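What follows is a set of notes on a single structure, which appears directly below.
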Amino acid sequence: MKTEILEAKYGIEKGARLITSGELVVFPTETVYGLGADAFNEEAVKNIFVAKGRPQDNPLIVHISSVEQVKEIARDIPDSFYRVAERFMPGPISVVLKKGDKIPYAVTAGGDTVAVRMPSNEIARKLIALSKPLAAPSANKSKHISPTTAKHVYDDLNGEVALIIDGGACNVGIESTVLDLTTDIPTVLRPGAVTVEMLSEVLGEVEEKGKVIKIAKSPGMKYTHYAPKVHTVVAVSVASAIAEYDKCVKNGGKPVLVYRGIYGDDLGDRNVIDLGRTPEDYARSIYSALRDAEEKYDEIIIEELHGKGMEFSVMNRVYKSAGNKLV
Ligand code: AMP
Ligand code: MG
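Plus 214 on top of the position in the sequence shown (first one is 1) and you've got the numbering used here.
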């Protein structure tokens with residue numbers, strides 16, 4: 215299959231036609247690029263798993279273009295959903311609800327719950343409005359780093375998908391927060407740009423699962439994700455980052471430090487990738503940095519952030535990319 219990349223002004227209508235005829239289309243969102251299929255078409259949804267090499271037991275998020283549309287996807291929708299929607303939708307949050315009858319089990323990996331999200335990216339919402347709600351995971355090969363540009367997607371899925379709609383670099387840069395509203399206490403299954411602190415303001419009590427998130431209900435979280443092709447570690451301090459770097463060089467390796475631009479001159483002429491100053495910059499740039507780094511270097515050393523909110527969310531991905539290896 216030939217993979218075409220089109221800008222939004224040419225890609226949206228063509229994408230909508232492809233979706234309606236059961237094909238897969240890659241579209242931009244504010245978090246990462248998504249690999250979409252008509253969420254009501256079981257065959258099309260199954261092809262997502264084939265294209266990505268994704269395990270069957272890892273459910274997909276259904277993307278909608280208006281809050282109203284949730285009624286086609288889920289049933290027994292609690293008031294808390296509408297409170298969350300009013301504050302954070304459209305935006306980088308997926309909410310787990312009871313699955314509606316029209317959604318095939320291929321989407322939910324056999325489960326009775328479904329994750330629903332309304333992206334703030336207008337290209338995504340137009341595509342959905344012109345076609346169908348889209349079941350979509352991130353548009354990378356399973357286990358690889360999530361894509362935040364059309365080129366990242368092409369590098370992973372060339373030949374697997376008919377169309378990639380290019381909407382430029384993703385603004386948030388890490389996947390959506392996943393909030394489960396089917397449990398007694400609202401539970402964050404995956405931290406993201408809508409932080410636990412922000413959700414607590416709306417929901418009162420939100421249970422946070424801690425740094426290493428183990429969630430039976432969110433099957434995807436048990437898989438290795440975001441893994442660069444080369445050895446990757448998290449450095450808990452500048453000193454340990456430098457020690458690890460110098461050890462790698464001594465052994466004949468070519469390492470790189472991926473950091474937030476605050477170590478300053480301490481780093482001398484070592485190879486660095488600067489992610490910017492704020493945790494939001496860090497999130498926006500981290501996946502691009504890891505994709506770049508795995509091509510050019512043979513060890514990646516990433517600066518650890520210690521804060522709450524977005525720092526906590528981005529570190530959730532970084533620990534996974536390093537297989538929890540700390541130095
Ligand atoms: P991806 O978009 O590739 O990050 O994959 C979607 C992720 O959303 C999965 O790996 C799960 O962590 C989460 N997810 C999707 N559907 C559900 C669900 N019904 N219950 C819990 N988590 C879900
Ligand atoms: Mg993914």
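Glycine included, every Cβ here is placed at the ideal spot set by N, Cα and C.
Computed from a predicted structure; not experimentally measured.
The segment 329-390 contains, as complete alpha helix (DSSP H) runs of 4+ residues, the segments 336-344 and 364-371 (chain order). Around the C-beta of residue 346, 16 or more other C-beta atoms lie within 10 Å, and the residue is accordingly described as buried. For residue 526 and residue 405, the gap between their C-alpha atoms comes out near 7 Å. When distances are taken from the beta-carbon of residue 310 to the heavy atoms of ligand 1, the shortest one is below 6 Å. The three-state reading of DSSP puts residue 216 in coil, since its state is none of H, G, I, E or B. Distances from the alpha-carbon of residue 374 to those of 250, 331 and 515 put 250 closest. For residue 488, the uninterrupted beta strand (DSSP E) run begins and ends at 486-488, by DSSP. Under the three-pair Cβ rule at 8 Å, the segment 326-334 counts as touching the segment 281-292.
Checking the DSSP bridge columns, you'll see residue 313 partnered with 288.
Relative to ligand 2, residue 352 has its C-beta within less than 6 Å of a heavy atom. Under DSSP, residue 516 takes part in a beta bridge, and its partners are 448 and 472.
For residue 395, the secondary structure class from DSSP, reduced to helix, strand or coil, is coil. Secondary-structure assignment with DSSP links residue 308 through a beta bridge to 331 and 392. A Cβ-Cβ contact shorter than 7 Å links residue 362 with residue 502.
Non-local C-beta neighbours of residue 261 in its own chain, meaning closer than 7 Å and more than five positions away in sequence, comprise 238 and 251, ordered along the chain.
Residue 528 and residue 493 have their alpha carbons spaced roughly 8 Å apart.
Checking the DSSP bridge columns, you'll see residue 404 partnered with 392. Note on geometry: alpha-carbon atoms of residue 396 and residue 514 lie some 39 Å from one another. The three-state reading of DSSP puts residue 326 in coil, since its state is none of H, G, I, E or B.
Residue 251 is bridged by DSSP to 349.
Under the DSSP assignment, residue 275 falls in the beta strand (DSSP E) whose first and last residues are 275-277.
Spanning the alpha carbons of residue 453 and residue 366 requires a straight line of approximately 32 Å. Annotated three-state conformation of residue 413 is helix, per DSSP. Counting along the chain, residue 246 sits inside no alpha helix (DSSP H), nor does DSSP assign it H or E at all. Between the C-alpha atoms of residue 271 and residue 449 there is a straight-line separation of about 33 Å. Out of 220, 522, 217 and 476, the CA that lies nearest to the CA of residue 411 is found in 522. In terms of CA proximity to residue 333, 308 leads the group 308, 267 and 223. The closest CA to that of residue 506, considering only 468, 442, 225 and 517, is found on 442. Closest in alpha carbon position to residue 223, among 401, 281 and 380, is 380. Residue 541 carries a coil assignment under DSSP once its states are collapsed to helix, strand and coil.
Contact between residue 387 and residue 498 is confirmed by a C-beta separation of about 4 Å, below the 8 Å threshold. When the Cα atoms are used, residue 242 and residue 337 turn out to be separated by approximately 7 Å.
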